[in-house]
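All letters in the sequence shown, in the order written, are residues 117 to 242 by my numbering. The C-beta atom is built at its ideal place from N, Cα and C for all residues, glycine as well.
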Amino acid sequence: MGYADVGADIYVALGLVAFYAAGASPVAFAIASVTYICTGLAYAELASVYPYAGGAHIYAMKAFNDMAGFIAGWAVMLDYTIDMALFSLATAGYLSFFFPWIRSSTINIAFAGFNLTVNYLGLVAA
Numbered sequence: 117m118g119y120a121d122v123g124a125d126i127y128v129a130l131g132l133v134a135f136y137a138a139g140a141s142p143v144a145f146a147i148a149s150v151t152y153i154c155t156g157l158a159y160a161e162l163a164s165v166y167p168y169a170g171g172a173h174i175y176a177m178k179a180f181n182d183m184a185g186f187i188a189g190w191a192v193m194l195d196y197t198i199d200m201a202l203f204s205l206a207t208a209g210y211l212s213f214f215f216p217w218i219r220s221s222t223i224n225i226a227f228a229g230f231n232l233t234v235n236y237l238g239l240v241a242a
């Protein structure tokens, strides 16, 4: 879900895009930019039409039915879960470059524990 991940994805995807797109990296980033802009504008429009908490769940439910909303809601939850794992790995990779004496797996576990703690405290506060 591009609308939530654009800030962190650039650190993970930059090298991959440069490797696979080779000389066409600017074109790939231009296409991705158009996609992000369209997604952002669609969410802005939907948020103004349906000013309720729930995001993708509400939008899919209003457009289609309850089952579509259920699937969209769980798809977003799955996306966030995968993102936490992916960014934990990416953070470990970057930090192990700057601190080579610390094992990458140790950084990964510490960062995952930090994410878990922050999310748990957020749930308790809510």
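query                                                                                                                                                   : result
Please report the straight-line C-alpha distance between Tyr210 and Cys154, rounded to a whole angstrom.                                                : 31 Å
By how many angstroms is the C-alpha of Ala184 removed from the C-alpha of Tyr127?                                                                      : 32 Å
Decide if the region 196-207 is in contact with the region 223-231; the criterion is three or more beta carbon pairs, one per stretch, under 8 Å apart. : yes
Applying the 10 Å Cβ sphere with the 16-neighbour rule, what's the burial state of Thr207?                                                              : buried
Can you tell me whether Tyr175 is buried or exposed? The criterion is at least 16 other CB atoms within 10 Å of its CB, across all chains shown.        : buried
Which term fits Ala160, buried or exposed, when burial requires 16 or more other beta carbons within 10 angstroms of its beta carbon?                   : exposed
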